[in-house]
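In what follows, a single structure is set out as structure tokens and then discussed.
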Amino acid sequence: MRVIHYYPWGCFYPSSCGADTTAVRQLEYLRERGCQVECLIGWSSQSSSIVERFRSHYDWLDEITFLDVPPVRAFTFEWVLSAYCQLKSSPDLQRALAAPPDLFFANYFFSAPMLDLLPTSSMRILETHDICTDQFLSQELAAGHQDGTPPNPLNPARRDYLFRLETNLFNLYDATLMVQPEELRMVQAAKVRNAHYIPRMCPTEPAPGARRHAQHAYDILFVGSDHIPNRKGINRFLTHVYQPFLSKHKIRMAIVGRVCDHVKFHSPYVDMLGVVNAPPHALKDVYYASKLVVVPILEGTGISIKTLEALAMGRAVVTTPVGARGLEDPSQALACVDMQGAPESMAEKILHLLNCDQARTGLEEQAIDYMEKHHSRAAFFAAMDRMMQSIGLHPFAN
Amino acid sequence: MRAKFLLLNNGLKDLLGHYYESSISVAEAARAIGLLPALATHVSCPTDILPEWIHAYPLFRVDHFGVDAAQVAPEIPGLRADPYAQGRLTIEDVCSGKATVEDYVRAHVELPESAAATHSTLTDSSLQHPVEQTLSQETVRALTDVACLADIELAMIFKQDLERFLSLVGISRADHVFLPTAHGRDLLSAALVVRRFGEEFAPTFHLEFRHSVFLADPVAHPVQDRPYLAQHRAYFAAYAKAGPSARIHLYTDTEELAQEYRALSGFHFEVLPIPFRSNSILSGQRSAGHPLCFAYVGEARDEKGFHWLPDAIDALMPDYIIPGKMCFRIQTTLRQPAIHQPLSANCLPRLLNYDPKHVNLVGLGSPLSMTDYYRTLSDSDVVLCPHHAYRYRNSSSGTLIEAIVAGKPTIVPIHGWMARQQPPGAGECFQDQRTFVEAIKRVCDNYEQYWRCAQAYRRMYRFHHAPETLIRRLVGCGSGTRMKVGAPGLVA
Chain S
1 MRVIHYYPWG
11 CFYPSSCGAD
21 TTAVRQLEYL
31 RERGCQVECL
41 IGWSSQSSSI
51 VERFRSHYDW
61 LDEITFLDVP
71 PVRAFTFEWV
81 LSAYCQLKSS
91 PDLQRALAAP
101 PDLFFANYFF
111 SAPMLDLLPT
121 SSMRILETHD
131 ICTDQFLSQE
141 LAAGHQDGTP
151 PNPLNPARRD
161 YLFRLETNLF
171 NLYDATLMVQ
181 PEELRMVQAA
191 KVRNAHYIPR
201 MCPTEPAPGA
211 RRHAQHAYDI
221 LFVGSDHIPN
231 RKGINRFLTH
241 VYQPFLSKHK
251 IRMAIVGRVC
261 DHVKFHSPYV
271 DMLGVVNAPP
281 HALKDVYYAS
291 KLVVVPILEG
301 TGISIKTLEA
311 LAMGRAVVTT
321 PVGARGLEDP
331 SQALACVDMQ
341 GAPESMAEKI
351 LHLLNCDQAR
361 TGLEEQAIDY
371 MEKHHSRAAF
381 FAAMDRMMQS
391 IGLHPFAN
Chain P
1001 MRAKFLLLNN
1011 GLKDLLGHYY
1021 ESSISVAEAA
1031 RAIGLLPALA
1041 THVSCPTDIL
1051 PEWIHAYPLF
1061 RVDHFGVDAA
1071 QVAPEIPGLR
1081 ADPYAQGRLT
1091 IEDVCSGKAT
1101 VEDYVRAHVE
1111 LPESAAATHS
1121 TLTDSSLQHP
1131 VEQTLSQETV
1141 RALTDVACLA
1151 DIELAMIFKQ
1161 DLERFLSLVG
1171 ISRADHVFLP
1181 TAHGRDLLSA
1191 ALVVRRFGEE
1201 FAPTFHLEFR
1211 HSVFLADPVA
1221 HPVQDRPYLA
1231 QHRAYFAAYA
1241 KAGPSARIHL
1251 YTDTEELAQE
1261 YRALSGFHFE
1271 VLPIPFRSNS
1281 ILSGQRSAGH
1291 PLCFAYVGEA
1301 RDEKGFHWLP
1311 DAIDALMPDY
1321 IIPGKMCFRI
1331 QTTLRQPAIH
1341 QPLSANCLPR
1351 LLNYDPKHVN
1361 LVGLGSPLSM
1371 TDYYRTLSDS
1381 DVVLCPHHAY
1391 RYRNSSSGTL
1401 IEAIVAGKPT
1411 IVPIHGWMAR
1421 QQPPGAGECF
1431 QDQRTFVEAI
1441 KRVCDNYEQY
1451 WRCAQAYRRM
1461 YRFHHAPETL
1471 IRRLVGCGSG
1481 TRMKVGAPGL
1491 VA
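One line per chain: the protein sequences are S and P, in this order.
When we follow my numbering, the leftmost residue of the first sequence carries the number 1, and every step to the right adds one.
When we follow my numbering, the leftmost residue of the second sequence carries the number 1001, and every step to the right adds one.
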């Protein structure tokens, strides 16, 4: 089966955000099922070293085409739709779609205008691991746009209208993949006929025995991209939880990822590690070196990949309800605290878990059990197979 | 799919006046019978005063009287304000190959950059669409004749905002659009919208006219100086000439107004109840041994006779107030700027000087919440309506109906709709400022007798003016009950 896979946010390997790892898993599945895959990637202006690294990792792909689409998260909802309407005249896209694929596998609904270039014989699958309406509107609220326009106020009428447009466009695909059950119900209520819940694949990687009992370099860890909810969440955590309640206990904290560029807080006990992807600071090593992980985010859509990742690493997680959204009954696997209403409670929970090895170890074990039950490779592959079969595609299982 | 019930209330800016209650009570009733309500208000209306369950769209730039017209459309970026294109192009058209995804997207979202070149905006074409031309030209001609042409600009702004609202909520033939306080320019807008949709696709519009076209006092303003009358005559004339629509129904809320509008336009106007949430009224029994509480509730306005109160209080002070027979509770919410209500603004300092145990002021500086408003009404013993007799001779008063349903004796102007609504024996009428004070004294001296009569009519009025009655009348799910309004000798 010949598949064209579209991903809008540039090279997704090495991954630098949750969306990237989603695409990584999709390609893993398609390759495993014996598909011939060509990649279409938005955002051609990435550095040559990143592109080369991507090409080298995905040397098994039949073809990789870069399209001239700026990173979608930088602009307004309408701007992105406009850009995709214009993209249809791109010679690169037309060349890529000249031979129609059996399956067009797209990430994010903005790609819908590209469907105009496909014959009806091509099947279409849409992965939408965020409700774009909510994601864009919350970003617009938080910051101005790179095109210079001021931020828009959050307008419920606009939200409802754009959500209806978004969900209407979902119905142009043969299948729409939702990353969490709550959003599945939400789009089904909006009359999306083809929605499927596909659990996020996040295989467990608990620390090897020797490292599990080693001295921890950090007490707490936060991992985040420069996504606006991450910036706002960690800054609020530092000022409302860490500074007033944890700093006096000299709690050692590591912050990892592009979010470090947006943290305005200095303490001798807080290390900004930035993007880590090589020893001695490979991300996995930082997880293992931390006693517990905090996910202090207060807004966002989809599912919190950083929560899943931390659980898969067998870490005890202290999160806000937003950090736990989309997880199926995670109450035993993590600690969920209202940071906004009760910052002191969050600090108390963190201190308790840091000081009580038994409680922390209990959460770590539950985290691994939870992830193996709900987010294993087997669960992801089985759900993908069921979805593919439901729309008449029968990839060979290797 | 549930039919929608869309409420358009461009006078709704805050908690003052009847706009809030007439919208929310009707929306609640619409929801109760299975309709899907949505409310569009004036752009200045803060949405946090509205219940969370209602879909609210503060987008109208023009209010009922055409004052304070906002120059800039509210920020709802990206919405393509063309309900007609939406109706024509659905996602099913894309699925069936009749339209491309791009066509669909462009029909629904105003796209930046590339959109401008090939797709005209509604603003450019709003008066140029062929099906609109006859009606709009007739109106322009009629308005020119009466030198009110500026008003048609407001009508076009209203029409654009109406189209924007219909775009936001989506619309179908099964839906209803209710304007509880309509103006002639709204009739033009609704008629143009119906023409663009076509009679077979348009929703049903219900326009309720609640203001007398003879708004001004004839003594102060000669007939030729009454723009409200001239505008309405022109709008109705143009509508009649261009051909009325079966999708537009016309109403008033009093029999007297219905006659007035019928005489002006030649069209039939049905009379609707005056809706409010009567379950908000607390039915407390009066406890003996306290002074009777005479209340003025609602906005402080000259036409409502607010400025009569200090003189009345002074006259009653030695024999009634000081001896503990009565006290006053007065809502002193004055809409700003005060220059619009000079008499009311001028009398406010006098009211502030009274001992609060004699004259209790509420709502000073900001409107009462609906809870406080109904508590003030419920806790009073008598409701004063010192309204301008001419201004209110044909027009309704929500305060009066609320007071009657609360079982309160009332004091109202003689010879008008208010006097005809007052149940027999349940209050007094006045002719002027002197008789207003006399009426207060009579009610105070014989309170029990007035109170018993007022209690006897509560249920009947409550039922007649229930929002459910109104909604059923509009959408045709039953005829509702019709009380013979204005007839003397109402029986319980």
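Even for Gly, the Cβ is constructed at its ideal location relative to N, Cα and C.
From the options, residue whose alpha carbon lies closest to that of residue i
i: residue 387(S); options: 195(S), 107(S) and 284(S); result: 195(S)
i: residue 1194(P); options: 1108(P), 1173(P), 1355(P) and 1262(P); result: 1173(P)
i: residue 344(S); options: 282(S), 238(S), 302(S) and 372(S); result: 238(S)
i: residue 1182(P); options: 1029(P), 1440(P), 1201(P) and 1155(P); result: 1155(P)
i: residue 410(S); options: 284(S), 340(S) and 19(S); result: No answer is possible for residue 410(S): it lies beyond the span of chain S, which begins at 1 and ends at 398.
i: residue 1110(P); options: 34(S), 161(S) and 222(S); result: 161(S)
i: residue 1135(P); options: 1240(P), 1227(P), 1090(P) and 1355(P); result: 1240(P)
i: residue 16(S); options: 136(S), 227(S), 123(S) and 55(S); result: 227(S)
i: residue 1305(P); options: 1266(P), 1319(P), 1293(P) and 1345(P); result: 1345(P)
i: residue 266(S); options: 243(S), 249(S) and 286(S); result: 243(S)
i: residue 368(S); options: 328(S), 247(S), 314(S) and 390(S); result: 314(S)
i: residue 231(S); options: 218(S), 255(S), 250(S) and 247(S); result: 255(S)
i: residue 93(S); options: 105(S), 312(S), 65(S) and 156(S); result: 65(S)
i: residue 25(S); options: 355(S), 112(S), 199(S) and 117(S); result: 199(S)
i: residue 1423(P); options: 1020(P), 1403(P) and 1434(P); result: 1403(P)
i: residue 1247(P); options: 1177(P), 1167(P), 1166(P) and 1427(P); result: 1177(P)
Residue(s) in a DSSP beta bridge with residue i
i: residue 36(S); result: 2(S)
i: residue 106(S); result: 6(S) and 126(S)
i: residue 193(S); result: Residue 193(S) pairs with nothing; no bridge assigned.
i: residue 1433(P); result: Note: residue 1433(P) sits in no beta bridge, so no partner.
i: residue 1057(P); result: 1040(P)
i: residue 1004(P); result: 1036(P)
i: residue 1327(P); result: 1293(P)
i: residue 257(S); result: Residue 257(S) pairs with nothing; no bridge assigned.
Interface residues of chain S facing residue i [CB-CB closer than 8 angstroms]
i: residue 1102(P); result: 85, 88, 113 and 116
i: residue 1091(P); result: 168, 169, 171 and 172
i: residue 1095(P); result: 171 and 172
Beta carbon of residue i nearer than 8 angstroms to that of residue j
i: residue 342(S); j: residue 334(S); result: no
i: residue 1414(P); j: residue 1430(P); result: yes
i: residue 225(S); j: residue 259(S); result: yes
i: residue 1385(P); j: residue 1376(P); result: no
i: residue 1150(P); j: residue 1238(P); result: no
i: residue 29(S); j: residue 57(S); result: no
i: residue 1405(P); j: residue 1465(P); result: yes
i: residue 1331(P); j: residue 1363(P); result: yes
i: residue 283(S); j: residue 276(S); result: yes
i: residue 1333(P); j: residue 1367(P); result: yes
i: residue 1050(P); j: residue 1299(P); result: no
i: residue 1065(P); j: residue 1030(P); result: no
i: residue 1382(P); j: residue 1264(P); result: no
i: residue 410(S); j: residue 108(S); result: Nothing in the structure corresponds to residue 410(S), since chain S is present only between 1 and 398.
i: residue 61(S); j: residue 38(S); result: yes
Same chain only: Cβ atoms within 7 angstroms of residue i, ignoring 5 sequence neighbours per side
i: residue 359(S); result: 352 and 353
i: residue 1119(P); result: Unreliable placement is indicated for residue 1119(P), whose pLDDT of 29 sits below 50; the coordinate value is still reported in the next sentence. Once the five neighbours on either side are set aside, the close Cβ partners of residue 1119(P) are 1106.
i: residue 207(S); result: 288 and 314
i: residue 115(S); result: 124 and 172
Cβ-based neighbour list, residue i, same chain, cut-off 6 angstroms, excluding 5 preceding and 5 following
i: residue 184(S); result: 178, 195 and 197
i: residue 1347(P); result: 1307 and 1310
i: residue 1374(P); result: 1280 and 1281
i: residue 1003(P); result: 1035, 1174 and 1175
Residue i: contacting residues in chain P (beta-carbon distance under 8 angstroms)
i: residue 165(S); result: 1105, 1108 and 1109
8 angstroms Cβ shell around residue i - same chain, five flanking residues per side excluded
i: residue 1486(P); result: With a pLDDT of 35 at residue 1486(P), under the threshold of 50, the modelled position of that residue is not reliable, and the figure given next carries that caveat. Hits under 8 angstroms: 1254, 1255, 1256, 1417, 1420 and 1421.
i: residue 193(S); result: 171
i: residue 1449(P); result: 1425
i: residue 1023(P); result: 1007, 1009, 1012, 1039, 1041 and 1180
i: residue 1269(P); result: 1209, 1250, 1251, 1252, 1257, 1258, 1261 and 1262
i: residue 1101(P); result: 1094
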